[in-house]
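Asks: Per my numbering, the very first residue in the sequence shown carries number 121; after that it's consecutive. Mind having a look at this structure? Questions to follow.
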Amino acid sequence: MLQKSLGTGSDVIIYDLEDSVAPSPEDKANARANLKKFLREADIGPNSPHITVRVNDISTPYFEEDIKEILSNIKVGGVVLAKTHAAEDLDVLSNALREAPLAEVRAFPVEIIPSLESARAMWNLRDIAAWKSKHEPRLGGELKALMFACEDYCADTSIIRTPARKELLFTRSQLVIAAKAFGLDVVDMVCIQYKDKDYLRDECVDGRQLGFTGKQAIHPSQVPIIQSTFVPTPEEILRAAKILKGLKNAHISEAKGAIGIDGEMIDAPMLKQAEQIIAIAEAANLTIPNV
């Protein structure tokens with residue numbers, strides 16, 4: 121199962137040591153040992169998915185061993201901290217990373233992704249999004265993204281989940297705004313209806329429209345739909361290319377700051393959006409038309 125995960129086509133693989141493992145000390149230790157062995161032996165190169173591990177939260181007796189045994193492997197590039205409630209939780213994680221074996225030999229910082237799962241987390245959202253390690257990033261880690269753990273959040277807040285998702289609109293929008301304010305990626309909730317591809321696609325479109333930069337998958341079959349939805353459509357790329365060319369020509373030849381394209385008034389904010397769309401398309405190796 122662990123070996124198969126590297127062939128899913130996902131951009132990031134998150135190996136879970138928390139809720140997907142039974143809560144007994146024996147099961148936790150076995151899961152940690154199995155993952156440690158796999159990561160030590162796995163052929164993980166530059167073309168492999170980015171390896172991230174979801175560790176048990178700081179209040180558990182398993183947290184320190186998770187960091188010591190797993191994050192000492194430099195193949196692991198990121199850590200998801202379950203049940204992050206406050207910025208101080210990230211300080212605890214950063215200190216543990218600093219003390220982990222082989223911390224000094226890391227060439228790049230461990231990417232830290234707090235999993236936001238509670239009312240407390242949302243109350244402390246600004247401080248979490250603004251957090252920086254007290255250590256050198258290469259040693260203490262660096263905040264990379266915010267992640268929304270919807271089911272835990274609903275359990276904590278008594279929110280009742282519906283297919284329309286309107287009960288989560290405020291929370292998800294706040295997460296996006298906080299992440300963008302501090303230059304972070306923001307990862308949307310899991311779609312638990314993993315066999316319903318139409319529902320998944322609708323949830324992906326909704327997430328992208330809100331500003332999320334990616335989405336968690338719980339089954340390999342979800343990966344292609346998520347990846348194809350969180351990139352610009354051919355129509356969006358064509359429009360963006362027209363805007364870039366049109367405004368560039370207008371700036372050079374006519375000294376204009378706004379132009380009309382296909383019945384739309386286009387100015388500086390649309391130029392910024394177009395640049396973002398083209399940048400994402402290039403990163404995803406999508407075709408950008410000559411216009």
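Each residue gets a CB set at the ideal place from its N, CA and C atoms; glycine is no exception.
Rounded to whole angstroms, what is the Cα-Cα separation between M242 and Q313?
Replies: M242 and Q313: Cα-Cα distance of roughly 25 Å.
Asks: So K335 packs on L304, CB below 8 Å; how close in whole Å?
Replies: The Cβ separation is near 15 Å, so there is no contact.
Asks: Rounded to the nearest angstrom, how far is the Cβ of I232 from that of L213, given a contact under 8 Å?
Replies: Indeed they touch by this definition, with Cβ atoms about 7 Å apart.
Asks: Helix, strand or coil for I171 per DSSP?
Replies: strand
Asks: Would H205 be called buried (16 or more neighbouring beta carbons within 10 Å of its own) or exposed?
Replies: buried
Asks: Could you check where the alpha helix (DSSP H) with A275 kicks off and where it finishes?
Replies: That run of the alpha helix (DSSP H) goes C270 to T277.
Asks: Which residues does DSSP pair with Y135 in a beta bridge?
Replies: V173
Asks: Does the Cβ of L222 have 16 or more other Cβ atoms within 10 Å, making it buried, or fewer, making it exposed?
Replies: Answer is exposed; the Cβ neighbour count stays below 16.
Asks: Indicate whether V351 and L391 have their beta-carbon atoms separated by less than 8 Å.
Replies: Not a contact, by the Cβ cut-off of 8 Å.
Asks: Any chance you could list the beta strand (DSSP E) runs of at least 3 consecutive residues sitting entirely within the stretch 216-270, in chain order?
Replies: 231-236 and 265-268
Asks: By the DSSP assignment, the alpha helix (DSSP H) with G303 in it spans what residues?
Replies: For G303, there is no enclosing alpha helix (DSSP H), as DSSP gives it neither H nor E.
Asks: For I338, which residues in the same chain have their Cβ closer than 8 Å to its Cβ, ignoring the five residues on either side in sequence?
Replies: Result list for I338: V310, C311, I312 and Y314, in chain order.
Asks: For the candidate residues Q294, T333, R285 and A298, whose alpha-carbon lies nearest to that of Y319?
Replies: Comparing alpha-carbon positions, the option among Q294, T333, R285 and A298 lying closest to Y319 turns out to be R285.
Asks: Whole angstroms are fine: how far does the CA of T333 sit from the CA of M267?
Replies: A direct Cα-Cα distance of roughly 10 Å separates M267 from T333.
Asks: Hey, L201 and D177 are a contact pair by Cβ (cut 8 Å); roughly how many whole angstroms apart?
Replies: Contact annotation, L201 with D177: C-beta distance approximately 7 Å; criterion of less than 8 Å satisfied.
Asks: DSSP three-state label for M309, please.
Replies: coil
Asks: May I ask which residues mark the beginning and end of the alpha helix (DSSP H) holding M390?
Replies: A388 to A403
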